[in-house]
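A.B. asks: Below is one structure. I have some questions about it.
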Amino acid sequence: MTAYLVAVGIVALIYMLLTLGLNLQYGYTGLINFGHVAFFAIGAYASALLTLSGWPMAPAFAVGTLLAGLAAWPIGLLSLRLSDDYLAVVTLGFSEAVRITIQEERWLTKGVQGLPGIPRMFQSLGIGEYAEIATLALLVVVNAAAVALVVHLVRSPYGRLIQAIRDDEVAVEALGKHPARLKVQVFMVGAALAGLAGGFYAHFITYLSPDQFLPLVTFYVWIAMIIGGPGRTAGAVAGATILMVFLEGSRFTRELVPGVSEVQLASVRIAMIGLALILMTLYRPQGIFGERKE
Amino acid sequence: MSAKGRPEGELLPPGGKARSAKGAPVSAKGRPEGAPASPGATAQAARAAPPLLAATGLVKAFGGFRAVDDVAFEVAERQLTGIVGTNGAGKSTAFALVAGQLAPDAGSVTLGGDDITRLSPSARARRGLARTFQVPREFTHLTVRDNLLAAAPRTSGETLSSVFLQPRRVRAEEAAQAAIAERWLAFLNLAAVADLHAGKLSGGQKKLLELGRVLMLAPRLILLDEPFAGVNPVLIGEISARIRELNATEGIAFVIIEHNLEALKRLVSQLYVMDRGRVIAEGDPAAVLADARVQEAYMGGVI
Numbered sequence: 034m035t036a037y038l039v040a041v042g043i044v045a046l047i048y049m050l051l052t053l054g055l056n057l058q059y060g061y062t063g064l065i066n067f068g069h070v071a072f073f074a075i076g077a078y079a080s081a082l083l084t085l086s087g088w089p090m091a092p093a094f095a096v097g098t099l100l101a102g103l104a105a106w107p108i109g110l111l112s113l114r115l116s117d118d119y120l121a122v123v124t125l126g127f128s129e130a131v132r133i134t135i136q137e138e139r140w141l142t143k144g145v146q147g148l149p150g151i152p153r154m155f156q157s158l159g160i161g162e163y164a165e166i167a168t169l170a171l172l173v174v175v176n177a178a179a180v181a182l183v184v185h186l187v188r189s190p191y192g193r194l195i196q197a198i199r200d201d202e203v204a205v206e207a208l209g210k211h212p213a214r215l216k217v218q219v220f221m222v223g224a225a226l227a228g229l230a231g232g233f234y235a236h237f238i239t240y241l242s243p244d245q246f247l248p249l250v251t252f253y254v255w256i257a258m259i260i261g262g263p264g265r266t267a268g269a270v271a272g273a274t275i276l277m278v279f280l281e282g283s284r285f286t287r288e289l290v291p292g293v294s295e296v297q298l299a300s301v302r303i304a305m306i307g308l309a310l311i312l313m314t315l316y317r318p319q320g321i322f323g324e325r326k327e
Numbered sequence: 062m063s064a065k066g067r068p069e070g071e072l073l074p075p076g077g078k079a080r081s082a083k084g085a086p087v088s089a090k091g092r093p094e095g096a097p098a099s100p101g102a103t104a105q106a107a108r109a110a111p112p113l114l115a116a117t118g119l120v121k122a123f124g125g126f127r128a129v130d131d132v133a134f135e136v137a138e139r140q141l142t143g144i145v146g147t148n149g150a151g152k153s154t155a156f157a158l159v160a161g162q163l164a165p166d167a168g169s170v171t172l173g174g175d176d177i178t179r180l181s182p183s184a185r186a187r188r189g190l191a192r193t194f195q196v197p198r199e200f201t202h203l204t205v206r207d208n209l210l211a212a213a214p215r216t217s218g219e220t221l222s223s224v225f226l227q228p229r230r231v232r233a234e235e236a237a238q239a240a241i242a243e244r245w246l247a248f249l250n251l252a253a254v255a256d257l258h259a260g261k262l263s264g265g266q267k268k269l270l271e272l273g274r275v276l277m278l279a280p281r282l283i284l285l286d287e288p289f290a291g292v293n294p295v296l297i298g299e300i301s302a303r304i305r306e307l308n309a310t311e312g313i314a315f316v317i318i319e320h321n322l323e324a325l326k327r328l329v330s331q332l333y334v335m336d337r338g339r340v341i342a343e344g345d346p347a348a349v350l351a352d353a354r355v356q357e358a359y360m361g362g363v364i
């Protein structure tokens, strides 16, 4: 049971990193990114492939994070030319393109077969099951650092300006500022956080395949952000936690609902999350930590 | 009177503009009956130095519709100028051409003698040409104070590197800008609502907020798009007083689009009347508004 809770905690913290990144992009800057999973996948595969080819884990993580951030650069440039809805479509398309590339470039990624045997974090220390707890602890530290980074950023003049861009980009330009530079940077920083999350994911799951990077992951992150409250760092933290409670907690409802098979329950779980999201948007559209809008 | 609103008009050297606005107050093209005699004494006096703002032969068409059709106007340093006209006369489009939100099909805009026709809105703003919007574009979820601070020109604090590597420098600059913001908030009577989210302000307060925001740029010229629209009479008086004060003490010139002719007439020294994309009259406000053709075009003869 402890092992299970540690595993759930690790996944929750990975989602928290993803949500912090998306919240920076959408919650603070208003950039609609429906392709968040692509940067998660790039970070995961980059780190996995590098460690499998003998790299130590730390630089592999760094490269994965960096690559994810750089991959967001062209998308960030595109975001300058596209209005919200088109950007949503383009980012969604980008994430599918990344997934299909992973699937087809078998020489590199082994395609649908997947990449097995990715080194587990802290495995080499020979501390057995404590490796998972160490991973959990490291994730807590990394998330705390990410929160501190985001909070420092959004409270700075830079953060004020990205929120102004979210509220009215035309006005920002009329005031002598350059929204373009900030938008591209925020896209890259958010994607880098997703890439970092991808590294943790790869070395926790130890097996990667393209079907782990479906758009559903992006939408889970969106759900976490919306539940917590876009534009609220505490909201990203709470939202990811609540998402995980729903995803995992509903496993235990099986005993309460007789006559439902495991497979059926998986679908019920997603339906439950959908219901929670609908109730949320109806009764508290600003999210848990958001302020009520006028 | 050779190169009017035709495309080559934008190739005119800066000196070429001197010929335009005063020589033919009414763009001659297609409307040769001309304009009323233009008193325009203030602008005449400023003939020696380049005018603060000069627009020449501006054309902007949307599809087949010429929203702005060969428009020229001039604003001297420290001058208060009004633009009136019916809805759809092209006033806001002309503003967007001057401030850079739209690119003209033909014509040029100069600021202090420099051609700014091809500059981005933000580059124009940094040169001291600021504007407000007909429908206020406040940053809804920022506080009133943060709305002003977001507009503050900065050398640090808006780059990732300075935010993380030079926190002390960022704080010092922020403190200096905050002091300036407090001054404008007090000046505009917004100090009491400084910590409110801007989205919660009344229409008139939002107009003041937009004015405060552009004041952070220390501009030479402010374009105000309907500052009195939807504003209660008391606040209209207050906004007018502030405009006069800024003009007198800071030397800021204003160009004001407004439907409230009474309030505008008392405020400006020069008035342009637009109708169907053209300037049909310009000059001393009282004289222009008394002109029969203006009354006909603008109000169907009733003022």
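Chains as they are written, first to last, in this note's numbering: chain L, 34 to 327; chain Y, 62 to 364. Idealized CB from N, CA, C, for every residue including glycine.
1. Between which two residues does the alpha helix (DSSP H) holding Arg192(Y) run?
2. Can the beta-carbon of Thr124(L) be found less than 7 Å from the beta-carbon of Phe67(L)?
3. Can you pull the chain Y residues whose beta carbon is under 8 Å from the beta carbon of Arg193(L), in chain order?
4. Would you list the residues sitting across from Gln331(Y) in a DSSP beta bridge?
5. Report the residue from Thr98(L), Ala179(L), Leu169(L) and Leu310(L) whose alpha carbon sits nearest the alpha carbon of Met221(L).
6. Check whether the Cβ atoms of Gln195(Y) and Asp256(Y) sit closer than 7 Å, and answer yes or no.
7. In the stretch 157 to 184 of chain L, which residues sit with their C-beta less than 7 Å from some C-beta in chain Y, listed in chain order?
8. Following the continuous alpha helix (DSSP H) through Arg198(Y), name the residue where it begins and the one where it ends.
9. Can you pull the chain A neighbours of Gln266(Y), defined as C-beta to C-beta under 7 Å?
10. Can you check whether the C-beta of Glu327(L) is within less than 7 Å of a C-beta belonging to chain Y?
11. Measure the beta-carbon distance from Phe73(L) to Tyr234(L) and round it to whole angstroms, keeping in mind my assumption that it falls under 8 Å.
12. Ignoring anything shorter than 3 residues or poking outside the stretch 265 to 353 of chain Y, list the beta strand (DSSP E) runs there in chain order.
13. I'd like to know if the stretch 281 to 297 of chain Y and the stretch 315 to 323 of chain Y are in contact, where contact means that at least 3 CB-CB pairs between them fall below 8 Å.
14. Let me make sure I understand the geometry here. Which of Gly192(L), Pro89(L) and Val70(L) has the alpha-carbon closest to that of Asn208(Y)?
15. With a threshold of 8 Å, are at least 3 pairs of Cβ atoms found where one atom belongs to the stretch 260 to 270 of chain L and the other to the stretch 47 to 58 of chain L?
16. So which of Phe248(Y), Ala191(Y) and Val355(Y) has the shortest CA-CA distance to Gly344(Y)?
17. Could you give the distance in angstroms between the alpha-carbon of Leu276(Y) and the alpha-carbon of Ala302(Y)?
18. Does Tyr61(L) pass the burial test, meaning 16 or more other C-beta atoms within 10 Å, or should it be called exposed?
19. Between the Cα of Met49(L) and the Cα atoms of Thr314(L), Leu226(L), Ile306(L) and Thr239(L), which residue gives the shortest distance?
20. Below 7 Å CB to CB, which residues in the same chain sit around Leu158(L) once its five sequence neighbours on both sides are set aside?
21. Quick check: the stretch 330 to 349 of chain Y against the stretch 143 to 159 of chain Y, are there 3 or more CB pairs under 8 Å?
22. Go ahead and label Arg265(L) buried or exposed: buried means 16 or more other beta carbons lie within 10 angstroms of its beta carbon, across all protein chains shown.
23. Alpha carbon to alpha carbon, what distance is there between Leu190(Y) and Arg420(Y)?
24. Give me, in chain order, the residues of the same chain whose beta-carbon lies closer than 6 Å to that of Leu412(Y); leave out the 5 immediate sequence neighbours on both sides.
25. What in chain L is Cβ-close to Gly173(Y), meaning under 7 Å?
26. Just the C-alpha distance for Leu312(L) and Ala40(L), rounded to the nearest angstrom, thanks.
27. Please list, in chain order, the chain L residues whose beta carbon lies closer than 9 Å to that of Ala186(Y).
28. Distance, Cα to Cα, Gly265(Y) vs Glu281(L)?
29. Do Ala237(Y) and Leu208(L) have their C-beta atoms closer together than 7 Å?
30. Does Asp200(L) come out as helix, strand or coil in the three-state DSSP assignment?
31. Taking Cβ positions only, does Gln328(L) come closer than 7 Å to chain Y?
32. Measuring CB to CB, does Tyr240(L) end up less than 7 Å from Pro149(L)?
33. With Gly85(L) and Ile151(L) assumed to form a contact (beta carbons below 8 Å), what rounded beta-carbon distance in angstroms separates them?
34. Give a yes or no on whether the C-beta atoms belonging to Ala101(L) and Gly228(L) are separated by under 7 Å.
35. Taking Pro248(L) as the reference, which of Leu38(L), Gln297(L) and Glu129(L) has the closest Cα?
C.D. replies: A quick look at the data gives this:
1. Here Arg192(Y) belongs to no alpha helix (DSSP H); instead the beta strand (DSSP E) covers Leu190 to Arg192.
2. yes
3. Leu203, Asp207, Leu210 and Ala211
4. Thr142(Y)
5. Thr98(L)
6. no
7. none
8. That residue, Arg198(Y), is in no alpha helix (DSSP H); it is neither H nor E in DSSP.
9. Checking the listed chains, one finds no chain A in this structure; the protein chains it contains are L and Y.
10. Any answer about Glu327(L) is weak, because its pLDDT of 39 lies below 50 and its placement is not dependable; what the coordinates show is given next. By this cut-off, Glu327(L) is an interface position.
11. 7 Å
12. 282 to 286, 314 to 318, 331 to 336 and 339 to 344
13. yes
14. Gly192(L)
15. yes
16. Val355(Y)
17. 15 Å
18. buried
19. Leu226(L)
20. Ala164
21. yes
22. buried
23. Residue 420(Y) falls outside the range modelled here, since chain Y spans only 62 to 364, and no answer is possible.
24. Chain Y is shown only over 62 to 364; residue 412(Y) falls outside these bounds and no answer can be derived.
25. Simply none; closest approach about 16 Å.
26. 29 Å
27. Glu206, Ala207, Leu208, Gly209 and Lys210
28. 51 Å
29. no
30. helix
31. Missing from the structure shown is residue 328(L); chain L here goes from 34 to 327 and no further.
32. yes
33. The amino acid occupying residue 85(L) in the given sequence is Leu; Gly does not appear at that position. Yes, they are in contact, since the Cβ atoms of Leu85(L) and Ile151(L) sit about 6 Å apart, within 8 Å.
34. yes
35. Glu129(L)
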